Structures are given as structure tokens and as C-alpha cells.
Amino acid sequence: MAAAILGKTEVGVNEFGRDVEVPENPIAKLMYYFDSICYAMDMDRQASPDKIKKLRNYSRYRQLTDEERDLLLLLCVRFSPDELINKCLFLDEEMCGNDINKFYKLGAVRHRFLITEEIIIGGQTTHVKQILCFRKMWLEYCYLEPMKNVEKELRSIAGKLTGRPQSGTNSGPQTVAVQQRRPQSGANRGQQAGAVQQRRPSPDVAVQQQRRQQRTQPTPAPPSPQEGKKKDCVRLCDAVKAKLAWIENGAENTFIVQMLKKTNTTGHSTEVWLGGTDMLLEGMWMWADDMELIQYTNWFPNEPNNAGNNQHCLGMMVNHDFKWDDYSCSLTNYPLCKRMQDDGEQSVIG
1 MAAAILGKTE VGVNEFGRDV EVPENPIAKL MYYFDSICYA MDMDRQASPD KIKKLRNYSR
61 YRQLTDEERD LLLLLCVRFS PDELINKCLF LDEEMCGNDI NKFYKLGAVR HRFLITEEII
121 IGGQTTHVKQ ILCFRKMWLE YCYLEPMKNV EKELRSIAGK LTGRPQSGTN SGPQTVAVQQ
181 RRPQSGANRG QQAGAVQQRR PSPDVAVQQQ RRQQRTQPTP APPSPQEGKK KDCVRLCDAV
241 KAKLAWIENG AENTFIVQML KKTNTTGHST EVWLGGTDML LEGMWMWADD MELIQYTNWF
301 PNEPNNAGNN QHCLGMMVNH DFKWDDYSCS LTNYPLCKRM QDDGEQSVIG
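Given below as C-alpha cells:
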């Protein structure tokens, strides 16, 4: 469903676009990147139309509120090139011609791509409207470089999600502008075809992959009898040099559930906190400490439902076989803490 195949079934694409100017500012560049993604995909489910429209208007990047900047950065993390390459983004210099990027409409003419019309990102289905071909320098300019420049802001967002406030930074405005390309509706400038190159992960993704490889089956540690609100439980985990637990696959979830059943000898019914949240964007669940999108889930039927419009923290339901549920972050639950050991193994502190 989420693949692009070269050379079998052929789908036509039409080039369209025009030159635009993007301010020399990391937030403006990321807004331009997000604007480009919005042309390629249907983003109506990600936020309200008014918010989406404002986040796309990169010429007015100075007008974003702090909350809107946070939302922009989260959406850029969610819709990173590594999620979209060979789906609606294609590293293909031949199709770019003399430009650093070009948009193409999907069509029913003979060409080289088989592109599915739907992709799944973070558990949500998104429709592909057209494709964007780019050169490596385009990716470096409008995504990789500005994301490095907002690392402190990303850490600050992580602090908000976990309850560990950290100081962020705002990049000051500059006046230099460069020529970029963006789509223009109604402009049909002919047809081109080219070979799709293989996906090349960006450096930050290589680090994430290495971290995932280091995450092995956890080993149990003595359970903690303390409980508290989500932010209090973050501090309880910090005190033992751990983090609220993340769960990456079914085998790990089964292991943890079995451990919790063994340690719950008193039969208490208090739920268990995990490290997930959708606090900054409803429905976009991520592990708060590293803002990595949650891929594996084990939700109870009809959950998450955001009852009362204030359930933004992830927990496990003790009385329902430890299925996942969304809770108000102000509830008092037990923490499930997890930490990396020096040898790369993991410990779970129930």
C-alpha cells in the first residue's frame, strides 16, 4: 500500500509549478517544506484547515505563535522525508530538469511509476495527490539543515511532553531569499519521465535506526509501589535514571504484560502509565522522550477516544489484560519505567 514500484505498471505524471522565494530562516524553510508536502498529500486530517493554511504561509513565518511553531515542528517530524521517500517524494535529478525540485500530477498515461494513492503514516491513512521529485540539495536546504537549527526547540517540545521543561531557542529573522519551486494549480507544462533512485536515509534516521537496534528484550527489575500523575511519574522514573516505558513490538508488549501480572500480587486496579502522548496534536501518538511516532499499538476496542477532550496520555488498563487506553494526564496511576543498561540491555521497573 505504501510502495512505489519502478518499471512494471506505468502511471503518467504531469509537471506543474512556478518559482517562489523562501526567506532564509529555518522556520520559514520548514514551513515551505510542509507546504510542499501539503501539495503532495491530503493533510485535512492532521489539523484544522485554518491551522494548516497558516503553517503553510512561509512568507509570514514571524506571525506563528509558540504553539503553532511547536505544531509545525511536530508535523515536520511526523512527515519527515524518510517517511515519504518513494511514496510521494522521489530523489530523481533527471525529472528535476534544471530545477532543484518539481511537482507532477498523477495521471493515466504511460510512464515509469506505479504509485499507490494511499500511504499509512503513524497509523493514519493519508491520500497522495501528486508527487514531488527533488535533488539532494533541496532536501538539505528545506529540511535537514533547518531541522538541525531547531534542535533546541525540539528538545523544549520534548520537555513539554514529558514534564521536564527545557529552554528552547528561536532563530532570528533574516532577509536573504532563494529561488525554489512550488506547484501552481492549473499549470500543465508537459510530461517527463525518469528513473527513480533508491531511498537514502538522512543522518538523523541512521541514528534512530542504530538506537532501535540497541533496544533489545528488556529484563525485569523490582517493581515500584509508588504512583502519581503523569508528570510526577516522569520524575519517579528520572529518580532511578529511567524513562516512562516505550513499547516497540508485540513480543515486548507480551513480555511486559506477563511481568506486570506477576508483580501485581495485590490485585490493585490502578492503571499503568506508559511514555506515550498526543498532547500537542490530537491523534498523533508519540513516545514523549524522543518524539518518535508510535508504530506498534495494543489499544482496547474503541480506544483511543479522547473522552472529555482531555485524554492525551497513554496507559495500560489493568482490568482489561493491560490493553492500551488514553487517559487524562492528571489521573493518578503507577509508572512503568524503562532504562538502558551499560551493556545495551534494557530494564523495566514496574
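Just so you know, the sequence shown maps onto residues 1 to 350 in the UniProt record's numbering.
Backbone N, C-alpha and C define an ideal beta-carbon position, used for all residues, glycine too.
Please read these numbers as outputs of a predicted model, since none were measured by experiment.
| query | result |
| --- | --- |
| Using the Cβ count rule (16 or more neighbours within 10 Å means buried), how would you classify residue 137? | exposed |
| Helix, strand or coil for residue 173 per DSSP? | Caution is warranted here: a pLDDT of 35 is assigned to residue 173, below 50, making its placement in the model unreliable, and no coordinate value can be reported. |
| Can you grab the Cα-Cα spacing for the pair residue 294 / residue 98, in whole Å? | 39 Å |
| Kindly confirm or deny that the region 300 to 313 and the region 252 to 265 touch, where touching means at least three C-beta pairs closer than 8 Å. | no |
| Determine the burial state of residue 172: buried for a count of at least 16 other Cβ atoms within 10 Å of its Cβ, exposed for fewer. | Its pLDDT being 39, under 50, residue 172 is placed unreliably in this model, and the value from its coordinates should be taken loosely. Residue 172 should be labelled exposed. |
| Roughly how many angstroms lie between the CA atoms of residue 221 and residue 101, to the nearest whole one? | With a pLDDT of only 38 at residue 221, under 50, the local geometry of the prediction cannot be trusted, and no value is derived from it. |
| Considering just the uninterrupted stretch of the beta strand (DSSP E) at residue 258, what are its terminal residues? | Not the beta strand (DSSP E): residue 258 falls in the alpha helix (DSSP H), residues 250 to 263. |
| In this structure, what does DSSP give as the bridge partners for residue 328? | 311 |
| Reducing DSSP to helix, strand and coil, say where residue 148 ends up. | helix |
| Should residue 40 go down as buried or exposed, given a rule of 16 or more other Cβ atoms within 10 Å for buried? | buried |
| Going by beta carbon distance, what residues of the same chain come within less than 8 Å of residue 72, once the five residues before and after it are set aside? | 27, 30, 31, 34, 55 and 64 |
| Take residue 48 and list the residues in its own chain whose beta-carbon comes closer than 7 Å to its own, dropping the five residues that flank it on each side. | none |
| For the region 326 to 342 against the region 226 to 245, do three or more pairs of beta-carbon atoms, one drawn from each stretch, fall closer than 8 Å, so that the two count as touching? | yes |
| Is it right to say residue 288 is buried, meaning 16 or more other beta carbons lie within 10 angstroms of its own, or is it exposed? | buried |
| Helix, strand or coil for residue 141, going by three-state DSSP, please let me know. | helix |
| Note the first and the last residue of the continuous beta strand (DSSP E) segment covering residue 274. | 272 to 277 |
| Does residue 311 pass the burial test, meaning 16 or more other C-beta atoms within 10 Å, or should it be called exposed? | buried |
| May I have the straight-line CA-CA distance separating residue 329 from residue 230, to the nearest angstrom? | 5 Å |
| Tell me whether the beta-carbon of residue 246 lies closer than 7 Å to the beta-carbon of residue 315. | no |
| Helix, strand or coil for residue 336 per DSSP? | coil |
| State the Cα-Cα distance for the pair residue 248 and residue 296, rounded to the nearest angstrom. | 6 Å |
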